[in-house]
Amino acid sequence: MIARPPTAILPGMDKLNLTDAEWRERLSPEQYHILREGGTERAFTGKYNSNKADGRYFCAGCGAELFDADEKYDSGSGWPSFTAPVDIDAVDEIRDTSHGMIRTEVRCSNCGGHLGHVFPDGPGVNGLRYCMNSASLDFKPRDEGE
Numbered sequence: 001m002i003a004r005p006p007t008a009i010l011p012g013m014d015k016l017n018l019t020d021a022e023w024r025e026r027l028s029p030e031q032y033h034i035l036r037e038g039g040t041e042r043a044f045t046g047k048y049n050s051n052k053a054d055g056r057y058f059c060a061g062c063g064a065e066l067f068d069a070d071e072k073y074d075s076g077s078g079w080p081s082f083t084a085p086v087d088i089d090a091v092d093e094i095r096d097t098s099h100g101m102i103r104t105e106v107r108c109s110n111c112g113g114h115l116g117h118v119f120p121d122g123p124g125v126n127g128l129r130y131c132m133n134s135a136s137l138d139f140k141p142r143d144e145g146e
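Take a look at the structure:
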């Protein structure tokens, strides 16, 4: 379903800005719904919820590096959860008042794709839980020697 692999993001590279048709060609229907329409996968159904492998997580829309497995933990929420992104500039946080709640939406800062939400109930130093959709992420195992 993915017509071509996500592009690598290089320092200084312009943000990814595609037409709706280009996004539909690039993403599976589920990825499109989540990344471009702000959808959410059902709890405990995502392929990375139980992933315990060492590696890094990238945006499924554009390939930007977002999270490291060192920050992943089992929150019991049913979605992959992280204590922090790889860099504060990797994601944008936006006030979300949909569904009668006040939450903070998390988007890829490179392509604007919806990733999930961040909540103030995490175990890390900053007390945050970045609750992400598996369909918005690609995982790459850490190479030997990294």
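Under the UniProt record's numbering, the first residue of the sequence shown is numbered 1, with each subsequent residue one higher. All C-beta atoms in this analysis are idealised placements derived from N, C-alpha and C, irrespective of residue type, glycine included.
Identified DSSP bridge partners for residue i
i	result
M132	G116
V91	C108
S81	Y73 and C131
E30	In the DSSP output, where bridge partners are listed per residue, E30 has none listed.
Residue range of the unbroken alpha helix (DSSP H) whose run includes residue i
i	result
D20	D20 to R26
Assigned secondary structure, residue i (DSSP; H/G/I helix, E/B strand, else coil)
i	result
G12	Low confidence applies to G12: its pLDDT is 47, below 50, so where it sits in the model is not reliable, and the reading given next is rough at best. In this structure, G12 counts as coil in the three-state DSSP scheme.
R36	helix
D74	coil
G55	strand
S98	helix
S41	The displayed chain sequence assigns Glu, not Ser, to residue 41. Correct three-state label for E41: coil.
P141	strand
D121	coil
P6	The predicted position of P6 is uncertain, since its pLDDT is 39 and thus under 50; a value taken from the coordinates is nonetheless stated next. Correct three-state label for P6: coil.
Residue j beta carbon less than 8 Å from that of residue i
i	j	result
C62	N133	no
R56	R129	no
S75	C131	yes
L35	G113	yes
residue 151	A69	Since the first and last residues shown for the chain are 1 and 146, residue 151 lies out of range.
E41	A135	yes
Y48	F119	no
H117	T104	yes
- Query: Taking contact to mean at least 3 C-beta pairs separated by less than 8 Å, is the segment 117-131 in contact with the segment 75-87?
  - Reply: yes
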